[in-house]
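In this note's numbering, the protein residues as written are 6 to 165.
Quick look at the structure:
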């Protein structure tokens, strides 16, 4: 991912420095913190993966599961993120621990107030493959657009 400038006190051009949060920012020195209000202070240009194999190679955890419901909110990069309880069917990569897992849908940033303009990818009862990374002690889908793939029964695994 690449941080660009939509915050305060950024030196250099877009993509060259992380913004410094202003006093009204909801993030206070942590990559991820509980939602307390405020607005975005970082606009993120997300990496685009060419294939599901690339997604797999760059994720900390890859699993098959399904969301059993929302479990609250958190924030990352100054944007709200919905946390879901995910029932884990199979883990392909990483060690997320046993049982159900709490994963937040990585939100797009600088969307003008709407958290998931294209819909929350984990807000589904369908079976999915989740590509996740750990940020500040919490699991997040890898990117807003490429962290969740539909995976119906009988489908082939798209990576090795």
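Beta carbons are placed, not taken as given, at the ideal position from N, Cα and C, and that holds for glycine.
Excluding sequence positions up to five away, which residues of its chain have a Cβ less than 8 Å from the Cβ of residue i?
i: residue 64; result: 98, 99, 136, 137, 138 and 147
i: residue 107; result: 76, 88, 89, 90, 91, 143 and 144
For residue i, which residues from the same chain have a beta carbon less than 7 Å from its beta carbon, with the 5 sequence-adjacent residues on both sides left out?
i: residue 77; result: 88
In or out: residue i buried (at least 16 other Cβ within 10 Å) or exposed?
i: residue 126; result: buried
i: residue 101; result: buried
i: residue 142; result: exposed
i: residue 70; result: buried
i: residue 152; result: buried
i: residue 157; result: exposed
i: residue 47; result: buried
List the whole-angstrom C-beta distance separating residue i from residue j, where the pair is believed to meet the contact cut-off of C-beta under 8 Å.
i: residue 110; j: residue 121; result: 7 Å
Short of 6 Å in beta carbon distance, which residues of its chain neighbour residue i, apart from the five on each side in sequence? Order them along the chain.
i: residue 73; result: 90 and 92
- Segment contact, 8 Å Cβ cut-off, at least three pairs: the stretch 53–60 with the stretch 76–84: In this structure the stretch 53–60 does not touch the stretch 76–84; the number of beta carbon pairs closer than 8 Å is below three.
- Item | Complete alpha helix (DSSP H) runs within the stretch 47–103 (minimum length 4 residues, chain order) | Runs of the alpha helix (DSSP H) spanning 4 or more residues and lying entirely within the stretch 47–103 occur at 57–63, in chain order.
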